[in-house]
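Asks:
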Amino acid sequence: MGTALIGLGLPKYVIFKIPAETSDKGHKKPALRKVQQICSIPFRSTMFPSYFHSFGMTENYIVFVEQPFKLDIIKLATAYFRGVTWGSCLKFDKDDASCAQDLTFEPSFTSSTERQGKAVSTRFYGDALVVFHHINAYEDDGHLVCDLITYSDSSLYDMFYIRNVKQDTSNFVQSNQSFCPPVCKRFVFPLNVNKVLELPGINYKFNSKKYRFFYGSRVEVSPHPYKLAKIDVVTRKHLEWKQELCFPVRTSVCGISWG
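Dropping the structure here:
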């Protein structure tokens, strides 16, 4: 994976694959000349691209987390003249979001279909976090499941600067007391986000209790809702009801013992 800053179009993240046979010793050609681009994902912010270390992949999707741990392009362009490393051009913005894109959380999560190489327009946003490693990702019953090792800030990155690791053990531990420990988190994204509903209702016997079903009006591109839906939060399946010339407004559960 890499970034394309110069060329046609806006800057973007690029994911590519290297064929198993890349050598061309007879012609002394570079081994990476046969790389194939899988997909590209445009930057959310042209001047502040996200740091990345890995991405997730399922049978049909690539999942990229665009996190608020960012590289300042202006600082990077002048780093040589200022005598600083590119690492000093990174900054964690705790007020920004993470984004996953196909998918893109606020950090931003983005998914791209691997076979077509096209980014899915839907983006999912979550709390600010830093990600170095993806554990695994897979598709399950109309959802994309993504497991990550996350940090609430960039202190891990700062901790391993040479000036820090040169310290003896006791001083290293003492100077990094504020280190943010890693947390394993699972994110589940619906792959079909066109099926949405509003005006939810439940069986009021289950107010403030564990429940299984809720009901609502399906929201579609129409001036009037014309479908009711029953959602099972355990199996994540749903049933729909509609009838010609019937326009439901709000659901109300009466005399039913279901959860």
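In full-length UniProt numbering, the protein residues as written are 1 to 259.
Glycine included, every Cβ here is placed at the ideal spot set by N, Cα and C.
#1: Quick one: any contact between the stretch 45-64 and the stretch 133-153, if contact means 3 or more CB pairs under 8 Å?
#2: Tell me the rounded alpha-carbon separation between P42 and D158.
#3: Apart from the five residues just before and just after W241, which ones in its own chain have a Cβ nearer than 6 Å to its Cβ?
#4: Please work out which residues of its chain come closer than 8 Å, Cβ to Cβ, to Q167, disregarding the five sequence neighbours upstream and downstream, and give them in chain order.
#5: Mind checking which residues open and close the alpha helix (DSSP H) that includes A79?
#6: Take every Cβ of the stretch 170-190, pair it with every Cβ of the stretch 199-212, and state whether three or more of those distances are shorter than 8 Å.
#7: So the candidates are R218, M1, F92; which of them puts its Cα closest to the Cα of H238?
#8: The beta strand (DSSP E) with V14 in it runs from where to where?
#9: I'd like to know if the stretch 71-86 and the stretch 122-133 are in contact, where contact means that at least 3 CB-CB pairs between them fall below 8 Å.
#10: By DSSP, does Y204 sit in helix, in strand, or in coil?
#11: Just to confirm, are F92 and F69 a CB contact at a threshold of 8 Å?
#12: What residue from D153, I6, F132 has the CA that sits closest to D95's CA?
#13: By the DSSP assignment, the alpha helix (DSSP H) with N192 in it spans what residues?
Replies: Taking the definition as stated:
#1: Pairwise C-beta distances place the stretch 45-64 in contact with the stretch 133-153, as three or more of them are shorter than 8 Å.
#2: Rounded to whole angstroms, P42 to D158 spans 27 Å at the Cα level.
#3: Its chain contains L228 as the residues whose beta carbon lies nearer than 6 Å to that of W241, once the 5 sequence neighbours on both sides are disregarded; these appear in chain order.
#4: Closer than 8 Å at the Cβ level, and outside the excluded window around Q167, lie S175.
#5: Judged by DSSP secondary structure, A79 falls within the alpha helix (DSSP H) whose first and last residues are 79-82.
#6: Touching, no, given that fewer than three Cβ pairs across the two stretches are closer than 8 Å.
#7: Minimum Cα distance to H238 is reached at R218.
#8: Segment 12-17, the beta strand (DSSP E) holding V14.
#9: With fewer than three CB-CB distances shorter than 8 Å, the stretch 71-86 does not count as touching the stretch 122-133.
#10: If DSSP states are grouped into helix, strand and coil, Y204 belongs with the helices.
#11: A contact, by the Cβ cut-off of 8 Å.
#12: It is D153.
#13: Premise fails: N192 is in no alpha helix (DSSP H) and is neither H nor E.
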